[in-house]
Structures are given as structure tokens and as C-alpha cells.
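With mature numbering (1 follows the signal peptide of the UniProt record, and there is no 0) as the guide, the letters of the sequence shown map in order to residues -22 to -1, 1 to 505. Positions of the beta carbon are idealized from the N, C-alpha and C atoms, including for glycine. Note that this is a predicted model, so its numbers are computed, not measured.
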Amino acid sequence: MRRPVLLAFSVLAGLVLLSVQQTNVHRRLNSPRLDLLCEWDSECAQFGPRYGCVKHVCSERGLFPLRSIDIEGTIGALICIIVSSGGGLGGGGLLVPLYIIVLGMTSHDAIPLSKATIFGSAIASMILNIRKKHPLDSTRQLIDYEVVMMMEPMTLAGTIIGVHMNKMFPEWLITVLLVWLLYTTSMRMVKKGRTIWKQEHEKDEKLIEFVVTKWKEFVFERKYGSAAVACAKKWKARALNKKSEVIDIPKLDQVHNNIQQDNELVGDGEEDDFLMGHGSKMTLKSGETLSLDSLMRFRTTIPWRDLTILFFAWLGLVLFSMLKGGHGTPSVIGLVCGSSMYWLLTIMSFPFFVAVTVVFGLKIAARHQVMQNYGYNYVKGDIIWTKRTTVLYPALCTVAGIAAGLLGIGGGMVKGPLLLEIGLLPQVASASSSTMILFTSSATTLQFIVLGMLPMDAALWYGIVGFVGGAIGQLGLSYLIKKYRKTAFVLFIIAGVIGASGVIMGLLGVEDIAHHGFNGFRSLCAT
């Protein structure tokens, strides 16, 4: 395993060096006139918000010292992340409009900065969630790694299709679809949240009723307990004084015959169940031998071997993004949109992500087949992976990825509600969605930094802001759930963030339509 990992890192390092070289050339060709004399920052506004008057010359300046506008953006980003992270959402639908409105950035600059902020939040969520246990089984991990491994690759594949569709669709149509999707999703989450809230409220009422009943019984026992004990002693004494009762002791051979009859009544199926529940092993068609103990270890520990395969999928995403270009970044090898190599690379990405999903699907479906043969007891919210579900759920994630890429929203806004719709518990869905966001946000953030679209100081600062906000959001949500015993808070947070994102992004879309009008479909490679 070491050699493939070292080879992968070597390829990535070489690609980074090539990217830096290409980026430096790109900067030299497209950098503004740094010899323009100035007295005030306003004279350099034509070059963008990151440029100011430094030593009487217009030049790109760093983030520090923070200006008042940066402090406002920091506070706003912190609030957005606190609200979003609890529901397992990235928060890009709030961060991008915030950076555009407050910091005066273009979408070209706001998207990379939002990815860095989300990356920091995802790190904090992962650190906290990896130590938490399942709400219904304290021996299991909170994060459902099977869901992560089955759904993340095909979501990325769907995003590739969605991004290409986004380039061709007119702005007004994207705005209409965006508002409709986010509104519908928000309303469904509110409805589902109310249902869960009602169920949990009824459960709490039954618990209170049970406690009150037990306390009443306790008071009754303390009040009349002595009389009950006296009566019991009296009846016991009368029973012992009855000399007419004769205890009939069965003969030894009769006892032996009864034992034989009981053994004959025990069926073969019960013997098999007994043996299989005590460490027996089962051999799969592939020749792999699985025991119940090994399956339980998978449920209770982090599957590092499977996560290594997912890491290679992450590496493939980084390589594909840098070679092909995307999110406004140029190709590091100079690929031109519409060229034969461009389409070849695009088409090759799908078999790659499908292959990763198939590998995980076959392994997970076989594992669950063995678990069912053992008679494993699933808890509420567990997904039983079969041949059908290993095809259906990744297919749904492909559609979710297409929607995310087409509408320009983060994958968390579609994957979080999707995980809830297929039956995962709110806490498990939030933790699993945050884990998937960690993979995508880290890949895009690395791409933006290497290609020079994201200054390192801004990436670090807003990454720290995201980390702090993510930690506060996760801890705050855990506090609310423990105090009020309501997991419906997760769904209400998701509904609120998605609804607010729909309103803000819809308004920005309407503003863009007002300036550019109702245009038709565009060419894929149109500049």
C-alpha cells in the first residue's frame, strides 16, 4: 500500500510544481500596471478589491492588517458557518452572497474564499464527529462510513455533468430552478422536522408518565410495605405447616428421558443460529472469510483501508480538476474547451468514479448479506445495503450532483436532505454529510491555492474562521439536542439555511436578469 501512496504523492507534487509555473506565467500576462502612481486606495479600485495604494503605487496587498470591511466579513462568515455546520451543510449558499455583498468581491473571488471557509468548518466537524457514538448504539461510530464511500464518488461524477450544463443554461432558467429546488427542499425539511418533533414530544410524555407512575408506586410501597411483609410471613408459615403435601422426586432414568426429548425438540436451524452467534465463520464466493466479530469491528472502528481507496478517489478529483480546469481556473496543461483531449479527459472521469463505487458496492453488499445470515439486528436509521440499494442510492447521488453543479450550490445542500429522505437519523446524516463535504472542499481549496486564485493569507484566515464556526456549531447543536431531547433541531437548521440561501441567491439572480435580460442557451465553450 505504501508504494501506490508514495507514487500518488509524487504525481501530485509534480503537478503542483507545474501548476505554480503556469500560474506565474498567467499572473505576468494578466497582472495590472503596478507602476501606476496613486495617493488613495480608491484610485486603484479598477483593479479589484484586493488592490490598494501601497507606497504610492497600485499593487495587490495582503489581508493584514484587517480593515473594517474585513472584520464585518469575518463576523458574517462566522455566523453563517455556525448556523450551517450543525445541519451538516457547507454554507456556500450563504457565504458566496456574503462575500459579494459585504466584501465587494466578484463571484470569481468569492467562490474560492467560500471553499476555504467551508474546508475549515469541515475539519472541525470531522474532529468532533469522529469521536461521537451512534445515538442508538453506543458501540458504533456516529459517521456512517458506508454511506460516505457509496455516495461521494457518484456525487462528484454528477457534479461534472451539472457544471457543463451550468455553462449552457441561461441565467433566468438557473434562477427559476434554484428557487424551486431550494424552496421545495426547505418545505420538505420543515414538514419532516415537525413530524419528528411530534414523535419525540410524544415519547417524552410517555417517559414522564412512566416516571410519575413509578414514583406513585414507590410512595405506596413505603406507606404500606410493612403490612405487606407481615402478610407474606404469615402465609409462608401456614404453607410450611401443611404436612399433607408430599414432594415427588422423579427417578433418574425419567430425568434422562426428559433431557433426550428436549434435545430432539431443538431444530437444526436453532443449532445453526446458536453456533453462528458464537464466532463461527462464513466464506464468501470471492473466497473471503468473514466472522461476526470482524463485522462488529467494522461497525465500531474507523475503516482506514476503505478510506484509503476513497483518498485515491479524492486524488483523482484533484488531478482531473487541475488538468481540465474548472470553477474559473485554467487548465494546467493548457487544454482548450471543446478540444479532443478536453472531451477525452471529461469522459474518462466517469468510469473512474463508477469503478470506485462498484468496488465499494460489491464489498458492502456482500458484507450485509453475511450480516443478515448471522441474524444481525439493525437499528432504526440503518441502511440495509443490497444489490438494489447499491445501485439506487448512488444513482440518486448522481442526480443530486447534477443539481448541485447546474445550480451552482454546494453538494451539502442536496446530500444532507437526501440522506434524511432515505431514512438516516438526523445526527448520523449531519455527521456523514460533513465528512463528504471535507473531501470536496479540500480538493477545490487546494486547486484554488495552487492556481493562484486564492491568496494564502486569506485562505488561512477564513479557514480558521470556518474552523471556529464549525466547532461552535457542532457543540451548540449537541447541547441543544441533549438539553431538549429533540433531534428535529437538525432538520430545522437545514430548512432555515436552505431557505435563506434560496432567497438570497434568488435575489442575486433576479438582479443579474435585470441587467442582462432573458438570454437563450449558450455555447459550452463560450467565453
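Exposure label - residue i; buried when at least 16 CB within 10 Å
i	result
residue 460	exposed
residue 439	buried
residue 302	buried
residue 107	buried
residue 496	exposed
residue 363	buried
residue 112	buried
residue 346	buried
residue 492	exposed
residue 393	buried
residue 185	exposed
residue 316	exposed
residue 318	exposed
residue 312	exposed
residue 20	exposed
residue 191	exposed
residue 374	buried
residue 382	buried
Backbone CA spacing between residue i and residue j [nearest angstrom]
i	j	result
residue 152	residue 41	33 Å
residue 376	residue 442	31 Å
residue 29	residue 435	15 Å
residue 56	residue 344	44 Å
residue 310	residue 380	25 Å
residue 281	residue 23	51 Å
residue 484	residue 276	44 Å
residue 372	residue 335	8 Å
residue 476	residue 160	6 Å
residue 174	residue 314	51 Å
residue 124	residue 342	7 Å
residue 94	residue 479	19 Å
residue 179	residue 482	33 Å
residue 49	residue 81	10 Å
residue 4	residue 79	Note that residue 4 scores 42 on pLDDT, short of 50, meaning its location in the model is unreliable; the coordinates nonetheless yield the value given after this. Using only the alpha carbons, I get a separation of about 28 Å.
residue 378	residue 119	26 Å
residue 182	residue 292	43 Å
residue 188	residue 177	17 Å
residue 142	residue 339	27 Å
residue 512	residue 349	Any question about residue 512 goes unanswered here, given that the chain covers just -22 to 505.
residue 195	residue 462	27 Å
residue 288	residue 353	29 Å
residue 432	residue 37	16 Å
residue 397	residue 329	24 Å
residue 43	residue 128	45 Å
residue 351	residue 365	16 Å
residue 68	residue 117	28 Å
residue 355	residue 321	47 Å
residue 449	residue 104	10 Å
residue 285	residue 193	50 Å
residue 126	residue 283	14 Å
residue 370	residue 18	59 Å
Nearest-angstrom beta carbon gap, residue j and residue i [assumed within contact, 8 Å]
i	j	result
residue 452	residue 171	So it is not a contact: roughly 19 Å between Cβ atoms.
residue 447	residue 46	Between residue 46 and residue 447 the Cβ distance is about 20 Å, and since that is not below 8 Å, they are no contact.
residue 416	residue 59	That belief does not hold up - the Cβ atoms of residue 416 and residue 59 are roughly 14 Å apart, past 8 Å.
residue 327	residue 138	6 Å
residue 324	residue 403	That pair is no contact at about 37 Å.
residue 14	residue 32	About 11 Å separates the two Cβ atoms, so there is no contact after all.
residue 115	residue 357	6 Å
residue 121	residue 409	5 Å
residue 411	residue 66	3 Å
residue 62	residue 72	7 Å
residue 70	residue 53	Actually they do not touch by this definition, with Cβ atoms about 18 Å apart.
residue 400	residue 427	At roughly 35 Å, the Cβ-Cβ gap does not stay under 8 Å, so residue 400 and residue 427 are not in contact.
residue 385	residue 155	6 Å
residue 331	residue 131	4 Å
residue 458	residue 467	5 Å
Chain D contact for residue i (CB, 8 Å cutoff)
i	result
residue 482	The structure shown contains no chain D, having only a single protein chain.
Kindly provide the ranges of any alpha helix (DSSP H) runs that are 4 or more residues long and lie completely inside the region 428 to 502, ordered along the chain.
-> 434 to 462 and 466 to 494
Would you call the region 457 to 474 and the region 159 to 170 touching, i.e. three or more CB-CB distances under 8 Å?
-> yes
Decide if the region 143 to 150 is in contact with the region 493 to 505; the criterion is three or more beta carbon pairs, one per stretch, under 8 Å apart.
-> yes
For the region 125 to 144 and the region 384 to 400, state whether three or more C-beta atom pairs, one from each stretch, are separated by less than 8 Å.
-> yes
Cβ contact check for the region 413 to 433 and the region 75 to 93: 3 or more pairs under 8 Å | yes
Report the residue ranges of all alpha helix (DSSP H) runs contained in full by the region 71 to 149; include only those spanning at least 4 residues, in chain order.
-> 85 to 107 and 123 to 146
Ignoring anything shorter than 4 residues or poking outside the region 364 to 427, list the alpha helix (DSSP H) runs there in chain order.
-> 367 to 385 and 390 to 399
Ignoring anything shorter than 4 residues or poking outside the region 280 to 356, list the alpha helix (DSSP H) runs there in chain order.
-> 282 to 302 and 318 to 351
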